[in-house]
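Colleague: The structure under discussion is supplied below as structure tokens; questions concerning it will follow.
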Amino acid sequence: MGHVRHLYVHLPFCAHRCGYCDFVTVVGRGEQHGSYVDALLAELELEGDVLADPLETVFLGGGTPTFTDATELARLLEGLPAAEELTVEANPETVTPDLARLLRSHGVNRVSLGAQSFQPHLLAVLERRAAPDDVRRSVARLREAGFDNLSLDLVYGVPGQSPADLDHDLDEALALEPEHLSCYELEAKPGTRFTHAHGDELERQAEAMEGYFEQVVDTLTAAGYRWYETANFCLMGAKAGGRDLRARHNLGYWRGRDYLGVGMGAVATVSGERRRNVSSLARYLAALASGAKPPSELEIIDRETHEREKLMLGLRLDEPLVVAEVGDALDRKALSSLAERGLVDVSTNGRGEEMSLTRHGRFLGGGVTAELLS
Amino acid sequence: MEQDRIRNFAIIAHIDHGKSTLADRILELTGALTQREMREQVLDTMELERERGITIKAQAVRVRWRGHELNLIDTPGHVDFTYEVSRSLQACEGALLVVDAAQGIEAQTLANAYLAIDGLLEIVPAVNKIDLPQADPDGSSRELGELLGESPDRVLRISAKTGDGVPEVLDAIVERIPAPTGDADAPARALIFDSSYDQYRGVVAFVRVVDGRFETREPLRAMAQGTAFEAEELGVLSPAREPVDSLGAGEVGYVITGLKDVSSLRVGDTLTSRRRPADQALPGYQDVKPMVFAGIFPTDSDDYPELRDALERLKLNDGSLSYEPETSQALGFGFRCGFLGLLHMEIVRERLEREFDLDLLITAPNVAYRAMTRTGEIVEVHNPAEMPRELDEVEEPYVKASVIVPKDYVGAVMELANERRGSFDHLEYLSEERVMLSYELPLGEIVFDFYDQLKSRTRGYASFDYELAGFRPGDLARVDILVGGEQVDALSLIIHRDFAYDRGRQLVERLRKEIPRQMFDVPVQAAIGSRVIARETIKARRKDVLAKCYGGDISRKRKLLEKQKKGKKRMKQVGGVEVPQEAFLAVLNLDSDRKK
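For the protein sequence lines, the chains are A and B, in the order given.
Numbering-wise (this note's numbering), the first sequence opens with residue 30 and increments by one.
Numbering-wise (this note's numbering), the second sequence opens with residue 39 and increments by one.
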């Protein structure tokens with residue numbers, strides 16, 4: 030039995046590729062869902078010895094995992110090792126009552142819904158297929174099926190979005206009382222269709238949209254959510270019923286833990302090696318069909334790199350980072366000057382010296398981290 | 039050779055008016071070099087000189103013509119080297135004044151011609167390029183004749199390119215230019231009119247013997263500087279070095295000194311023998327001081343040792359270049375360099391970049407100032423950041439400037455001169471079409487893009503020359519630029535109070551655009567003393583964080599951050615503000631932008 034407590038499973042299929050997306054996705058291909066699930070289970074068989082039993086978390090991401098043929102999805106879920114947290118990503122328009130029940134009955138205990146926005150004009154820009162009602166309906170169906178841990182994804186900084194639009198989206202999302210919210214600023218990544226179409230507009234809006242991040246944080250924290258990671262919020266205290274509703278799977282990443290990833294384009298980091306599977310569906314399927322591991326790129330994460338990543342990831346969280354754990358990655362001089370400027374808090378307790386970003390520091394987390402890196 | 043068989047002459051001509059070609063033809067015609075041996079334009083030895091069509095270092099060549107020994111002494115061809123030109127001319131009894139038949143006389147040629155006339159030299163005028171279809175030999179001859187008070191018939195008409203009229207030039211040199219008249223029996227005296235550095239043999243002095251005779255191995259002394267050495271070798275250039283046993287009165291040649299420092303032997307100084315020293319040095323020696331200063335910094339601070347070595351090596355051949363280490367908070371370690379003028383600065387910069395392959399950052403040039411502090415102390419200031427704040431009075435160098443333009447552009451030139459605090463002296467018609475305007479101008483106004491403005495406002499027709507005319511008090515202010523409340527030393531400037539506000543605004547606006555937003559508000563100010571005259575604020579960033587970061591993104595995000603980190607390391611820190619080098623460059627280039 031191994032030591033890895035987190036497993037990521039990639040399901041690349043989508044009904045449509047949204048313009049801003051740069052994930053590894055495959056449109057349609059209903060006929061290949063079965064062989065892909067075969068391949069996933071085969072890869073898991075080959076790689077599985079590193080996994081702990083039971084696992085802490087399993088995360089099915091995509092793509093649109095819930096676009097996968099239901100029978101095949103069920104077969105996959107049945108073949109996965111047991112975990113304390115089992116999350117599936119879903120697009121609202123794919124959540125039928127049947128699907129909700131299927132997920133629930135196969136041990137899924139957390140669903141992350143890609144809502145993105147409640148405004149038809151913004152959904153259109155994002156090329157999302159769900160209508161605002163789909164989001165509300167899917168939440169209701171999941172609740173009905175018994176889910177008590179739902180997360181909504183929201184995107185802000187969409188071309189044409191006004192501060193009032195953002196307020197409206199946040200209100201709508203809060204009205205659904207999700208346990209967890211992920212709010213991302215839209216990244217116009219170079220080379221995507223979206224950037225080609227909207228890049229200039231985004232640049233014009235850049236200054237006006239600078240305040241959106243603050244608006245998101247202010248609104249959600251005022252509504253009782255904990256801003257526990259740069260872009261992630263969860264209910265806390267009484268509203269959480271005493272539960273810790275942070276995404277445990279993602280916490281694993283942010284704490285610099287090892288994780289296994291299976292599927293085309295999936296990434297694993299285990300014992301100082303980061304491996305990225307080939308992102309061609311055909312090559313992925315062919316390798317596993319012949320009983321071989323899929324082709325992959327290997328990156329060595331030595332101790333120094335690991336510490337640098339730990340610093341960069343750990344500072345995204347609201348929990349303090351133990352200074353001793355990041356070793357030489359930290360520039361001590363920068364730390365004191367940033368502390369002086371009110372961007373970092375430094376304290377010492379039983380665990381030794383700890384640091385975390387102040388509220389102001391978290392808004393400037395990129396720049397602050399770049400300074401803190403030695 | 040008997041003195042009456044010797045003729046020493048220089049050629050005075052504007053850039054491109056054919057001096058070098060004429061020199062080539064003379065060497066060819068006198069058999070000093072066969073055509074096959076001929077390298078184009080033998081006298082210009084440095085690559086840069088050839089490319090820019092200018093001569094920086096004077097040399098001397100001996101040729102023979104009809105039983106006479108002719109020494110052609112080459113003169114540097116630019117405004118910054120007036121003193122060197124005057125010394126070269128001092129070594130001659132006559133000068134060939136060469137003017138392009140299509141373009142007529144230019145300001146600089148005129149200035150040098152006046153130097154020759156003042157030095158009592160016999161002028162042999164010639165119009166060149168008569169083979170060109172657009173040549174106007176009659177008009178040019180008339181202009182030259184009027185200028186010299188001679189009949190246009192005395193003006194030779196030649197084509198250095200085809201060789202047409204060149205023998206007549208040599209004849210005229212022999213006939214019209216007087217022979218030297220030094221006292222062959224007097225204690226030896228020779229004028230140093232140039233020097234260069236030979237890496238094996240040390241400093242080589244080029245001299246004109248005035249009185250007496252110098253022998254090889256003779257112990258010598260430079261009278262003004264007191265430098266003592268032995269003449270390791272005497273010789274003449276024909277044009278290759280040709281050792282001789284002695285050099286007598288009237289002769290021109292070189293002395294190999296073995297000295298290791300060019301500045302120990304200055305142009306204009308007098309050599310004499312220590313065995314039988316002369317009482318009096320030849321007149322006219324000046325200790326030429328640099329008037330224009332700029333900070334030179336390596337773009338990459340690791341190149342500092344290379345820059346230091348390069349300057350050391352340049353200085354070997356260029357006694358008028360001065361430099362001392364300078365540390366700028368903003369630009370790091372570099373040197374504050376002193377130049378004779380702007381062209382000199384340009385030449386040094388180009389040689390550093392080209393011959394030594396250095397990437398340089400050069401501050402805006404400034405002139406030398408004389409500041410009188412409240413305590414009555416007088417300090418010479420070469421760096422605006424060192425100008426004392428408590429001042430009683432500041433003096434700045436002025437020049438007498440002359441501009442020659444077609445008469446249609448007189449208005450444009452006057453306007454420019456007025457904008458630059460010039461005071462009009464006089465105007466003179468050189469011909470019906472061409473006018474010479476004389477102004478007194480602060481040198482500081484000239485180093486700031488004056489020449490480019492002049493060229494652009496006169497469509498390139500103006501020619502320009504100046505000579506220093508001493509220091510005068512000016513209503514000058516030191517403007518400091520502050521970023522984040524801290525002074526950026528490299529951007530301080532000294533400027534007339536009337537222009538301080540505009541210039542301060544420009545700098546501050548430009549910096550606001552160039553400095554990236556930081557994690558806090560950054561004020562950018564221009565100030566005179568404690569009074570802020572312009573202010574801009576670089577607003578703080580409100581957000582600087584990557585939205586998401588999960589398993590698959592970690593490597594990419596880490597690399598992004600490392601890149602951001604590297605970017606920060608390249609920036610210079612001023613008042614806790616990260617300023618990219620490009621920002622300094624942009625501000626320092628403000629001048630060149632104004633030209634557009």
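Positions of the beta carbon are idealized from the N, C-alpha and C atoms, including for glycine.
(1) Inspect the beta-carbon positions of residue 325/A and residue 305/A and report whether they are closer than 8 Å.
(2) Indicate whether residue 308/B and residue 243/B have their beta-carbon atoms separated by less than 8 Å.
(3) So residue 489/B is in the alpha helix (DSSP H); what residue range does that whole segment cover?
(4) With H, G and I counted as helix, E and B as strand and the rest as coil, what does DSSP make of residue 410/B?
(5) At the level of alpha carbons, what is the spacing between residue 452/B and residue 477/B?
(6) Looking at the C-beta of residue 609/B, does it have a partner C-beta in chain A at a distance below 8 Å?
(7) Report all residues from its chain with a CB closer than 6 Å to the CB of residue 1/B; omit the five preceding and five following residues, and keep chain order.
(8) By a C-beta neighbour count over all protein chains shown, 10 Å radius and 16 as the cutoff for buried, is residue 238/B buried or exposed?
(9) Check the Cβ-Cβ distances between residue 144/A and every residue of chain B, and say whether any is below 8 Å.
(10) Under 8 Å, Cβ to Cβ, is there at least one residue of chain B near residue 37/A?
(11) Using only the alpha-carbon positions, how far apart do residue 533/B and residue 158/B sit?
(12) Residue 473/B and residue 521/B look like a contact to me (Cβ under 8 Å); what is the Cβ gap, rounded to whole Å?
(13) Find out if the Cβ-Cβ distance for the pair residue 97/A, residue 120/A is shorter than 8 Å.
(14) Just reading off the beta strand (DSSP E) that residue 610/B is part of, what are its end residues?
(15) DSSP on residue 209/A, reduced to helix/strand/coil?
(16) Report yes or no: is there a C-beta of chain B within less than 8 Å of the C-beta of residue 336/A?
(17) Anyone know if the C-beta pair for residue 261/B and residue 310/B falls short of 8 Å?
(18) With which residues is residue 256/A paired in a DSSP beta bridge?
(19) Listing by chain order, which chain A residues have their CB less than 7 Å from the CB of residue 412/B?
(20) Just checking my contact of residue 420/B with residue 509/B at CB under 8 Å: how many whole Å lie between their CB atoms?
(21) Assign residue 515/B to buried or exposed, taking buried as 16 or more other Cβ atoms, counted over all protein chains shown, within 10 Å of its Cβ.
(22) Taking the continuous alpha helix (DSSP H) assigned at residue 337/A, which residues delimit it?
(23) Provide the residue span of the beta strand (DSSP E) that contains residue 473/B, from first to last.
(24) Return helix, strand or coil for residue 177/A, following the three-state DSSP convention.
(25) Identify whether residue 289/B lies in helix, strand or coil by the three-state DSSP scheme.
(26) Give a yes or no on whether 8 Å exceeds the smallest Cβ distance from residue 398/A to chain B.
(27) Just the chain A side, please: which residues come within less than 8 Å of residue 599/B by C-beta, in chain order?
(28) Determine the DSSP secondary structure at residue 398/A, reduced to helix, strand or coil.
(29) Work out the CA separation of residue 271/B and residue 297/B for me, nearest whole Å.
(30) Is the distance from the Cβ of residue 378/B to the Cβ of residue 335/B below 8 Å?
(31) When burial is assigned at 16 or more other CB atoms within 10 Å of the CB, is residue 568/B buried or exposed?
(32) Following the continuous alpha helix (DSSP H) through residue 325/A, name the residue where it begins and the one where it ends.
(33) Grouping DSSP H, G and I as helix and E and B as strand, with all else coil, what is residue 122/B?
(34) Can you list the residues of chain B that residue 214/A reaches, using a CB-CB cut of under 7 Å?
(35) Could you tell me the distance, in whole angstroms, from the CA atom of residue 172/B to the CA atom of residue 110/B?
(36) Does residue 49/A come within less than 8 Å of chain B when only Cβ atoms are used?
Modeller: In this structure, then:
(1) yes
(2) no
(3) 488-495
(4) strand
(5) 9 Å
(6) no
(7) The displayed coordinates of chain B run from 39 to 634. Any statement about residue 1/B would go beyond what the structure contains.
(8) exposed
(9) no
(10) yes
(11) 40 Å
(12) With a Cβ gap of about 47 Å, residue 473/B and residue 521/B do not count as contacting.
(13) no
(14) Counting along the chain, the unbroken beta strand (DSSP E) around residue 610/B starts and ends at 610-612.
(15) strand
(16) No Cβ of chain B is located within less than 8 Å of the beta carbon of residue 336/A.
(17) yes
(18) The secondary-structure analysis by DSSP pairs residue 256/A across a beta bridge with 262/A.
(19) Those within 7 Å of residue 412/B in chain A number zero; the least Cβ separation is about 39 Å.
(20) Contact flag wrong, Cβ pair sits at about 14 Å.
(21) buried
(22) 332-343
(23) Unbroken beta strand (DSSP E) run through residue 473/B: 472-480.
(24) coil
(25) Residue 289/B falls in the coil class under three-state DSSP.
(26) Residue 398/A belongs to the set of residues whose beta carbon lies under 8 Å from a beta carbon in chain B.
(27) 341, 395, 398, 399, 402
(28) In the structure shown, residue 398/A sits in a helix (DSSP, three-state: H, G or I).
(29) So the two alpha carbons sit approximately 12 Å from each other.
(30) It is not a contact, given that the beta carbons lie outside the stated cut-off.
(31) exposed
(32) Unbroken run through residue 325/A is the beta strand (DSSP E), 325-329; no alpha helix (DSSP H).
(33) helix
(34) 585
(35) 29 Å
(36) no
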